[in-house]
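Working notes for the structure below.
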Amino acid sequence: MIDISIDIKSDFIETIKLSGHAESNEKGKDLICCSISTLTISLINALTEIAKANIKADISEGFTLIEVNEKDKDKRLKSDILTKSFMLSVKGIEEENPEFIKLNITEE
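Convert by adding 3 to the 1-based position in the sequence shown; the result is the number in the numbering used here.
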């Protein structure tokens, strides 16, 4: 099971945490895990290369933590578009595969 936690503060996504594996198929053939991994790496790359945002990304086997610490208004807006796009994509995958993904969204 992949657990994904998204923390939203003042309408901006500040933290995304992913842990676990989907285990929907054998290693190397798990399309759900591959999809989430691809979305996550694409998000990190887009935040740093397109939005030029100040982020902290901690990646290890079966775990990723992304913290968006951007204060610049323009970069924060770009970051928010990217992170919310990620959230929508993950929601879609979760809706189709609830036995493999658990998404928890916390808003303050």
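Each residue gets a CB set at the ideal place from its N, CA and C atoms; glycine is no exception. Remember, predicted model here, so these are calculated numbers, not experimental data.
Distance between residue j and residue i (C-alpha atoms, nearest Å)
| i | j | result |
| --- | --- | --- |
| Leu80 | Ile11 | 14 Å |
| Ile69 | Ala56 | 12 Å |
| Ala25 | Asp75 | 36 Å |
| Met4 | Glu111 | 26 Å |
| Lys32 | Thr67 | 21 Å |
| Leu91 | Ile62 | 21 Å |
Reference residue i, options the options, closest by Cα
| i | options | result |
| --- | --- | --- |
| Phe15 | Pro101, Ile39, Gly65 and Asp77 | Asp77 |
| Ile96 | Ile84, Ser40, Leu50 and Leu85 | Ser40 |
| Glu73 | Ala25, Leu34, Gly65 and Thr86 | Thr86 |
| Leu42 | Val93, Ile53, Thr51 and Ile104 | Val93 |
| Ala54 | Met4, Ser82, Gly65 and Ala25 | Ser82 |
| Leu50 | Ser8, Glu98, Ser88 and Glu111 | Ser88 |
| Glu17 | Lys32, Ala60 and Lys30 | Ala60 |
Closer than 7 Å to chain C by CB, residue i
| i | result |
| --- | --- |
| Glu64 | Among the chains of the structure shown, chain C does not appear; only one protein chain is present. |
Contact check, residue i vs residue j, beta carbons under 7 Å
| i | j | result |
| --- | --- | --- |
| Phe103 | Ser45 | no |
| Asn107 | Ile35 | no |
Cut-off 6 Å between Cβ atoms - residues of its own chain near residue i, not counting five sequence neighbours on either side
| i | result |
| --- | --- |
| Asp6 | Ser22, Gly23 and Lys105 |
| Thr109 | Asp10 |
Residues near residue i by beta carbon distance below 8 Å, same chain, minus five either side
| i | result |
| --- | --- |
| Ile58 | Ile47, Leu50, Thr51, Ile69, Glu70, Val71, Asn72, Glu73 and Ser82 |
| Ser13 | Glu111 |
Integer-rounded CB distance, given that residue j should sit under 8 Å from residue i
| i | j | result |
| --- | --- | --- |
| Ser8 | Lys20 | 4 Å |
7 Å Cβ shell around residue i - same chain, five flanking residues per side excluded
| i | result |
| --- | --- |
| Gly65 | Ser22, Gly23 and His24 |
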